[in-house]
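Numbering (the working numbering), first residue to last: 103 to 727.
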């Protein structure tokens with residue numbers, strides 16, 4: 103490729119030191135971030151050795167307008183910096199973990215005299231016991247609920263020692279979900295022993311726990327305490343259900359992650375199996391497309407780097423399928439992150455090798471099923487768009503559909519959503535939300551007018567600006583126009599939308615999505631006629647999906663603004679309570695309501711709070727009653 107004068111000059115001054123390089127396009131957006139042992143050699147490769155480059159790399163290089171670099175002292179620092187920058191900027195040409203998230207853990211506060219159990223996504227070195235990570239938040243919460251039913255541990259944050267004998271049993275005690283340690287109903291020793299049983303269960307020692315419970319059950323039977331015996335019997339059955347079917351890695355009861363993948367026709371599925379205390383507890387999968395087989399080692403290297411930059415818990419061992427680039431460097435990074443030795447292994451035989459093969463087969467099955475679903479979804483989407491074209495008597499299939507919905511409750515915090523479907527599928531990156539600025543009160547027609555004006559006037563201005571800068575207007579964020587507009591509403595909303603489009607010079611068909619008395623999708627209004635669409639058709643399912651998605655996106659934004667306002671109106675009106683203390687109170691108590699019920703002693707325990715501020719909060723809620 104032809105190197106621009108700017109890049110040629112930048113290449114001359116590249117240092118022969120380790121560091122991170124940052125590639126940018128002509129808009130200044132970061133499109134790729136990489137690390138290098140020697141910056142000079144690595145960056146120059148992109149522009150001088152172009153003949154044998156992979157298609158993805160060639161595409162990236164064509165879009166490079168400028169680059170920056172950051173020098174580090176060593177490769178390890180470069181690796182850490184690269185991971186952090188990728189997480190922050192999510193460049194287009196880097197591997198992207200679309201399901202990037204923090205994984206849920208089960209926390210047992212064994213650092214407290216009277217421990218609690220709950221789900222958390224943050225792991226701290228605070229003396230508590232953490233179990234996980236788990237891929238499914240729902241399954242994790244269900245496990246905690248079952249454990250709470252089996253073991254009546256407290257849910258409150260009360261200082262038990264301070265309040266012992268000063269409070270009465272709460273509702274949780276009477277429904278059997280708390281042993282009421284605050285009233286002395288259970289000794290600290292017995293309570294702590296119960297929590298140790300919970301930890302034993304979560305550590306995979308179900309058999310020992312079942313044996314203990316069996317002995318207790320027999321004791322109750324011998325003493326004719328049949329109700330208690332039946333409760334234990336039910337607990338034993340619940341434990342058996344939870345532990346059933348866990349695959350065991352028998353060699354060593356250590357925390358291990360097993361990573362396998364399957365590649366086919368430029369598509370890749372990566373599976374990560376979580377083994378804790380020797381037992382398989384969960385798994386997670388990731389899909390990537392448009393990849394080259396020759397680049398798999400680099401792709402898996404990037405995957406492992408990004409995956410472990412996003413998780414709190416680092417296992418002692420990581421089993422992988424094939425060699426990756428810079429294995430020793432990554433192993434050292436994981437070791438430093440964990441604070442203990444971490445080993446990356448490619449097992450060649452034995453039980454660990456069989457386990458990796460099992461993960462690979464799961465990845466293959468997952469990828470094939472994923473492709474089948476995509477194929478079916480594509481066929482269904484194509485049929486839905488064809489049906490929609492016929493119902494509306496359009497001369498083309500509406501490839502891009504934009505849908506708008508207005509949300510307000512009693513005229514407050516009016517917002518609007520713009521969601522986009524392309525080829526029958528949601529395009530989340532093009533979603534937009536609008537806070538209504540010029541309309542006061544519940545006026546959906548005026549709100550719709552404002553939103554449509556803002557969307558299309560902005561697109562015109564953006565296109566003109568890009569054109570003046572010599573940039574293709576198609577590169578803009580608002581300059582891709584819909585083939586069809588759908589509004590949540592009837593003739594009034596449609597007419598307002600069409601008026602605005604006429605004023606700004608756009609000829610785009612507009613239809614309304616109407617609902618029945620039960621607020622369910624009924625059909626479309628187009629050209630002042632309601633069109634009946636059979637419920638069993640693909641078109642009806644598409645319209646329903648679009649309407650529900652537009653409503654969901656709007657109502658979520660509305661709720662966010664409303665909750666933000668509520669928090670501000672309650673806590674920010676208290677003298678001496680600023681943003682830092684407000685956030686600390688909400689983090690500690692969980693809600694403004696819980697703050698209002700707390701006493702002075704409880705309030706002053708919150709970080710950043712003192713006696714004076716605690717009294718101000720306490721008095722505010724008492725005086726306002």
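Don't be surprised by glycine CBs; every beta carbon is placed ideally from N, CA and C.
When C-beta atoms of the stretch 574 to 592 are compared with those of the stretch 548 to 566, three or more pairs fall below 8 Å, so the two segments count as touching. With at least 16 other beta carbons inside 10 angstroms of its own, residue 507 counts as buried. Burial is judged here by how many other beta carbons sit within 10 angstroms of a residue's own beta carbon; residue 277 has fewer than 16 and is exposed. Between the stretch 383 to 402 and the stretch 487 to 497 there are fewer than three inter-stretch CB-CB distances shorter than 8 Å, so the stretches are not counted as touching.
Comparing C-alpha distances from residue 220 to each of 259, 263, 198 shows the shortest one belongs to 259. Cβ-Cβ separation between residue 448 and residue 425: approximately 6 Å, consistent with a contact (criterion under 8 Å). Inter-residue distance for residue 170 and residue 186 is about 16 Å (C-alpha atoms, whole angstroms). For the pair residue 288 and residue 194, the CB atoms are not nearer than the 9 Å cut-off. Contact between residue 409 and residue 374 holds, since their C-beta atoms are separated by about 7 Å, short of 8 Å. DSSP lists no bridge partner for residue 714. Using a 10 angstroms sphere on the CB of residue 724, the tally of other CB atoms stays under 16, which defines it as exposed.
Under the three-state reduction of DSSP, residue 557 is assigned to helix. Rounded to the nearest whole angstrom, the CA to CA distance from residue 235 to residue 529 is 30 Å.
Residue 386 is positioned such that its CB atom lies no closer than 9 Å to that of residue 403.
For residue 125, there is no enclosing alpha helix (DSSP H); the enclosing beta strand (DSSP E) covers residues 121 to 126.
In the three-state scheme derived from DSSP, where H, G and I count as helix and E and B as strand, residue 225 is classed as coil. Taking the C-beta atoms as reference points, residue 700 is found nearer than 9 Å to residue 719.
In the DSSP assignment, residue 437 falls within the unbroken alpha helix (DSSP H) covering 429 to 440. In chain order, 373, 423, 458, 461, 462, 465 place their CB closer than 6 Å to the CB of residue 362, counting only its own chain and leaving out the 5 sequence neighbours on each side.
Restricting attention to 145, 412, 106, 297, the CA atom closest to the CA of residue 189 is found in 412.
In the DSSP assignment, residue 528 is bridged to 523.
Around the beta carbon of residue 313, fewer than 16 other beta carbons lie within 10 angstroms, which makes this residue exposed.
Per the coordinates, the alpha-carbon of residue 520 lies some 13 Å from the alpha-carbon of residue 586.
The residue among 216, 222, 198 with its C-alpha nearest the C-alpha of residue 209 is 222. Excluding sequence positions up to five before and after residue 304, its CB lies within less than 7 Å of the CB of 208, 233, all in the same chain and listed in chain order. Residue 523 and residue 510 have their alpha carbons spaced roughly 24 Å apart. With fewer than 16 other CB atoms across the displayed protein chains lying within 10 angstroms of its CB, residue 631 is exposed. Per DSSP, the unbroken beta strand (DSSP E) holding residue 137 starts and ends at 132 to 138.
Counting along the chain, no alpha helix (DSSP H) covers residue 366; the unbroken beta strand (DSSP E) around it starts and ends at 358 to 366. Considering only 321, 124, 143, 248, the residue with the shortest C-alpha distance to residue 336 is 248. Around the beta carbon of residue 166, 16 or more other beta carbons sit within 10 angstroms, so the residue counts as buried. Put simply, of 525, 516, 710 the residue whose alpha carbon is nearest the alpha carbon of residue 549 is 516. Runs of beta strand (DSSP E) with 3 or more residues, each lying fully within the stretch 631 to 661, are found at 631 to 634, listed in chain order. Just measuring C-alpha positions, the residue of 433, 148, 254, 705 sitting nearest residue 407 is 433.
Within the same chain, 315, 318, 319 come within 6 Å of residue 334 by CB-CB distance, once the 5 residues on both sides are set aside. Look at the beta carbons and you see the stretch 649 to 663 not touching the stretch 690 to 708: under three pairs across the two are nearer than 8 Å.
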